[in-house]
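Each residue of the sequence shown is one higher than the last, beginning at 1 in the UniProt record's numbering.
Beta carbons are placed, not taken as given, at the ideal position from N, Cα and C, and that holds for glycine.
This structure is a prediction, so every number in the text was calculated from the model and none was measured.
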Amino acid sequence: MPKYIIKRVLIGFVTLFVLASVTFFLMKATPGSPFSLAKYKTPEALAAAEAKYNLDKPLVEQYVIYLKGVAQGNLGESMINTGRSVSYYIKTGFPVTARLGLIAFVLALVGGIALGTGAALSRHKWVNNLCMFVATIGVSVPSFLIAMIMLIVFGVQLHILPFIGLNSPLNYIMPALSLAFYPIAMIARLTRSSMLEVMNQDYIILARSKGTPYKKVVIKHALKNAMLPVVTYAGPMFAFMLTGSFVIESVFSIPGIGSAFVSCITTRDYPIIMGLTIFLGFLVITFNLITDILSAIIDPRIKLD
């Protein structure tokens with residue numbers, strides 16, 4: 001286990017290095033400049049602004065300066081909003097995004113497991129068909145479209161739920177459901193197929209033949225052993241909810257890290273874009289590592305090599 005963790009951590013650092021490098025050169029290859037949107041009265045003022053952020057230096061030198069800053073934990077400072085660093089955007093935006101992601105994560109787990117288990121164990125064909133129809137819709141329809149439909153129906157037309165900002169707990173309902181819709185569908189399908197397989201195992205048949213109550217067989221034996229695919233998916237899913245909420249935050253005007261990222265893209269604020277990309281990449285790598293370790297703990301047959 002320790003060797004595996006060390007190996008994965010090293011791979012994670014290499015991945016972050018590649019991610020930082022690719023992001024840097026992609027930003028430099030993008031047409032335009034962050035200062036092309038600002039109004040400078042003289043060419044000298046424009047040149048001074050570019051010199052402040054080392055934009056007047058050769059590309060390779062800019063790259064080296066950038067990597068040194070990243071290695072020292074300095075992810076950069078905004079070119080548009082003077083005095084605001086990447087750390088500022090993380091401190092102000094990430095708690096909001098994490099709160100929304102956590103609510104959506106819980107909804108996805110509870111809803112997906114309930115839907116998949118119900119589809120697998122139901123003796124009525126229509127229940128299975130209904131659950132799988134909902135799951136298919138969830139996989140097929142983009143989350144931003146779900147968000148727009150919910151906003152128009154429940155927010156604008158029916159006035160049931162608030163849809164701008166996060167002023168009350170009710171504001172979380174539509175964004176969290178929109179974000180959780182696709183994961184609910186995926187978890188439902190994973191749970192259903194896994195439960196169908198587990199319920200036909202010999203130890204389940206033996207437990208039922210001994211007169212063990214059906215609910216106990218399902219909860220204590222079947223459901224527990226059917227959770228491995230869900231756990232394997234849960235880590236990347238949570239990372240997706242933290243990094244994939246950009247559009248949802250924009251639709252509902254949520255001041256999270258996603259909406260800040262989108263805003264920085266529109267203004268070509270290179271340091272913030274690159275810094276947030278590295279931060280979000282770090283989250284994805286971390287959650288994938290945690291998922292692998294938890295999978296090995298749940299199922300000892302999995303070897304961490």
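Rounded to a whole number of angstroms, what is the C-alpha to C-alpha distance between residue i and residue j?
i	j	result
ILE272	ILE204	54 Å
ASP292	ILE285	11 Å
TYR63	ALA108	41 Å
LEU179	PRO43	46 Å
MET241	SER194	24 Å
VAL70	ASN225	42 Å
ALA222	PHE238	24 Å
SER259	ARG8	31 Å
VAL251	LYS216	44 Å
THR267	PRO142	26 Å
ILE65	MET27	15 Å
ALA51	PRO34	13 Å
LYS220	VAL134	27 Å
THR97	PRO169	14 Å
PHE17	PHE282	11 Å
ILE149	GLY211	48 Å
THR23	LEU294	31 Å
GLU77	GLY12	24 Å
ASN81	PRO58	24 Å
LEU206	LYS3	39 Å
GLN72	LEU177	39 Å
PHE94	LEU46	33 Å
GLN201	ALA119	18 Å
LEU10	GLY32	36 Å
SER87	MET274	12 Å
I think residue i touches residue j, with their Cβ atoms under 8 Å apart; what is that distance to the nearest whole Å?
i	j	result
ILE248	ALA147	6 Å
CYS131	ALA188	6 Å
THR117	THR191	6 Å
LEU19	ILE290	19 Å between Cβ atoms; not a contact.
GLY111	ILE184	4 Å
MET186	VAL139	7 Å
LEU151	ILE254	Not quite, the Cβ-Cβ distance comes to about 12 Å (not below 8 Å), so this is no contact.
Measuring alpha carbon to alpha carbon, tell me which of the options ends up nearest residue i.
i	options	result
LEU196	LYS68, TYR88, SER122, GLY281	SER122
LEU276	PHE163, LEU75, ILE137, ILE160	LEU75
THR92	VAL262, LEU294, ARG268, GLY256	GLY256
LEU67	ILE80, ASP56, VAL96, VAL14	VAL14
PRO175	ARG192, LEU145, MET199	LEU145
PRO297	LEU158, VAL231, ALA49, ILE113	First, the residue type needs correcting, since residue 297 is Ile and not Pro in the sequence shown. Of the listed residues, the one whose Cα sits closest to ILE297 is VAL231.
THR243	LEU166, THR30, ILE164, PHE287	PHE287
residue 337	SER245, LEU10, TYR233	Residue 337 falls outside the range modelled here, since the chain spans only 1 to 305, and no answer is possible.
TYR182	TYR214, VAL60, SER245, LEU206	SER245
MET79	LEU55, GLY101, PHE94	LEU55
LEU228	ASP202, LYS210, GLY211, VAL198	VAL198
PHE105	TYR172, LYS3, TYR4, PRO2	TYR172
VAL60	GLN201, SER21, GLY32	SER21
residue 381	LEU158, HIS124, SER85, ARG208	The question about residue 381 has no answer here: the residues shown for the chain are numbered 1 through 305.
Can you tell me whether residue i is buried or exposed, with buried defined as 16 or more other CB within 10 angstroms of its CB?
i	result
LEU280	buried
GLY235	buried
VAL153	exposed
ASN129	exposed
PHE25	exposed
THR30	exposed
ASP269	buried
ILE164	exposed
ALA48	exposed
ILE103	buried
VAL127	exposed
TYR214	exposed
VAL218	buried
GLY101	buried
LEU115	buried
List the DSSP bridge partners of residue i.
i	result
SER85	GLU77
Using a Cβ-Cβ cut-off of 8 Å, state whether residue i counts as contacting chain C.
i	result
PHE240	Here chain C cannot be found, since the structure has a single protein chain.
Within the present structure, is the beta-carbon of residue i separated from the nearest heavy atom of the ligand MG by less than 7 Å?
i	result
THR243	Summarising the ligand content, the structure contains no ligands, and the ligand MG is consequently not present.
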